[in-house]
Amino acid sequence: GYSIPWRNWEFSTFFSNHHYYQTVFGFYTNYGYWGKSKNAKINAAYLLYRDTNYKAYLDLGLWRRQSQNFIDDTEIHSQKRHLAGWDLGLRQQIFFDNSILNVEFHYKRGTGIWGAETIPTKALSRPKIISANLQYQQNVNVGVINGLISTDWQFQWNKSPLLIQDMMSIGGRYSVRGFSGELTLSGERGWIGRNEIAWKYKPNHQFYSAVDVGRVSGESQKQQKAKVLIGTAIGVRGQFSLLGELNYDLFIGKPLQKPKSFKADKNILGFSFSYQF
Numbered sequence: 002g003y004s005i006p007w008r009n010w011e012f013s014t015f016f017s018n019h020h021y022y023q024t025v026f027g028f029y030t031n032y033g034y035w036g037k038s039k040n041a042k043i044n045a046a047y048l049l050y051r052d053t054n055y056k057a058y059l060d061l062g063l064w065r066r067q068s069q070n071f072i073d074d075t076e077i078h079s080q081k082r083h084l085a086g087w088d089l090g091l092r093q094q095i096f097f098d099n100s101i102l103n104v105e106f107h108y109k110r111g112t113g114i115w116g117a118e119t120i121p122t123k124a125l126s127r128p129k130i131i132s133a134n135l136q137y138q139q140n141v142n143v144g145v146i147n148g149l150i151s152t153d154w155q156f157q158w159n160k161s162p163l164l165i166q167d168m169m170s171i172g173g174r175y176s177v178r179g180f181s182g183e184l185t186l187s188g189e190r191g192w193i194g195r196n197e198i199a200w201k202y203k204p205n206h207q208f209y210s211a212v213d214v215g216r217v218s219g220e221s222q223k224q225q226k227a228k229v230l231i232g233t234a235i236g237v238r239g240q241f242s243l244l245g246e247l248n249y250d251l252f253i254g255k256p257l258q259k260p261k262s263f264k265a266d267k268n269i270l271g272f273s274f275s276y277q278f
């Protein structure tokens, strides 16, 4: 992505190609759902207000998504399509002595711009999604120990029928840790709470412990009695400077609560590496 600041504005662009696979927990049987997508977004952010303790931004963006989806080895032709629309958001940052609170609200709407299709139905091709995000970080210093307590809560509500790509999905390192992400729970509505305590054992390196919880609901979840996942993880992460930044994250996780018929490993081991220059 790229961004260009100008006075009280910041203009940005984002492009990505994504391949994904997940086993979806079904009422009668589990099934493999996978696909590939291309995403693009342009955004204009305007600084509404700023002082030493507060910032507020108004976001207006245009987005586009092209995708192909499959169940097991069979392509879902009705989901091979082109979606596009706009996104309106309000972002706020509040600064305290040793903490930061970030609050965001967004309304995402699908339209017919950029040649967006209406297959399989106009309702599914024109999603209406309300979302909110609340993040809080608190620095904690006890003697020589430098710590950080953080909590991140995401919420989603739908005002139209949704395809699975637009639903909230829980179970995995980016939602509810302690689960592999191969099998997930998905719903049109839901929330995720990610809670963490981290200790800096040296500059740019941390030990951390996390407990996450998520819940989904909606039309697609009416037949499911259990809709909640809770998981935990401990790990180490940080970065090295090697002609750029090498970031790493190593962790072990464990499910704490799940539906009885929801298959999950007793323990999982995960890692990720990325390099920026």
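2 is the number of the first residue of the sequence shown in our numbering; add one for each residue after it.
Backbone N, C-alpha and C define an ideal beta-carbon position, used for all residues, glycine too.
- Looking at the backbone, the Cα of residue 157 and that of residue 149 are separated by about 27 Å.
- Excluding five sequence positions before and after residue 267, the CB atoms of its chain that fall closer than 8 Å to its own CB belong to 255, 256, given in chain order.
- The region 195–214 makes no contact with the region 44–52; the number of CB pairs closer than 8 Å stays below 3.
- With respect to residue 239, residue 207 sits close: the two C-beta atoms are nearer than 8 Å.
- In the structure shown, the three-state DSSP call for residue 225 is coil.
- Contact between residue 143 and residue 188 does not hold, since their C-beta atoms are separated by about 40 Å, which reaches or exceeds 8 Å.
- Only residues of its own chain outside the window of five on either side were considered, and among them 111 have a CB closer than 6 Å to the CB of residue 127, listed in chain order.
- Around the CB of residue 224, fewer than 16 other CB atoms lie within 10 Å, so the residue is classed as exposed.
- Secondary structure at residue 153: strand, using DSSP grouped into helix, strand and coil.
- Separation of residue 252 and residue 234 (C-alpha to C-alpha, rounded to the nearest whole angstrom) is 7 Å.
- With a minimum length of 3 residues, the unbroken runs of beta strand (DSSP E) contained wholly in the region 240–268 fall at 246–258.
- For a cut-off of 8 Å, the C-beta gap from residue 42 to residue 62 is around 6 Å, short enough to register as a contact.
- A residue is called buried when at least 16 other Cβ atoms come within 10 angstroms of its Cβ; residue 114 does not meet this threshold and is exposed.
- The beta carbon of residue 264 is closer than 7 Å to those of 184 in its chain, skipping five residues each way along the sequence.
- A direct Cα-to-Cα measurement between residue 16 and residue 64 gives close to 10 Å.
- For residue 13, the enclosing beta strand (DSSP E) covers residues 10–25.
- Contact between residue 200 and residue 155 does not hold, since their C-beta atoms are separated by about 25 Å, which reaches or exceeds 8 Å.
- Secondary structure at residue 105: strand, using DSSP grouped into helix, strand and coil.
- Counting every other CB atom within 10 Å of its CB across the protein chains shown gives residue 3 a total below 16, marking it as exposed.
- Just measuring C-alpha positions, the residue of 271, 261, 259, 79 sitting nearest residue 164 is 79.
- Annotation: residue 66 to residue 160 spans about 19 Å, alpha carbon to alpha carbon.
- Comparing alpha carbon positions, the residue from 186, 236, 246, 60 closest to residue 226 is 186.
- Bridge partners of residue 6 according to DSSP: 11.
- Residue 59 holds the alpha-carbon nearest to the alpha-carbon of residue 12 among 36, 101, 59, 31.
- For residue 135, same chain residues with a beta-carbon under 6 Å away, outside a window of 5 residues either side, are 104, 154 in chain order.
- According to the DSSP assignment, residue 56 belongs to the beta strand (DSSP E) that extends over 55–72.
- The Cβ-Cβ distance between residue 89 and residue 107 falls below 8 Å.
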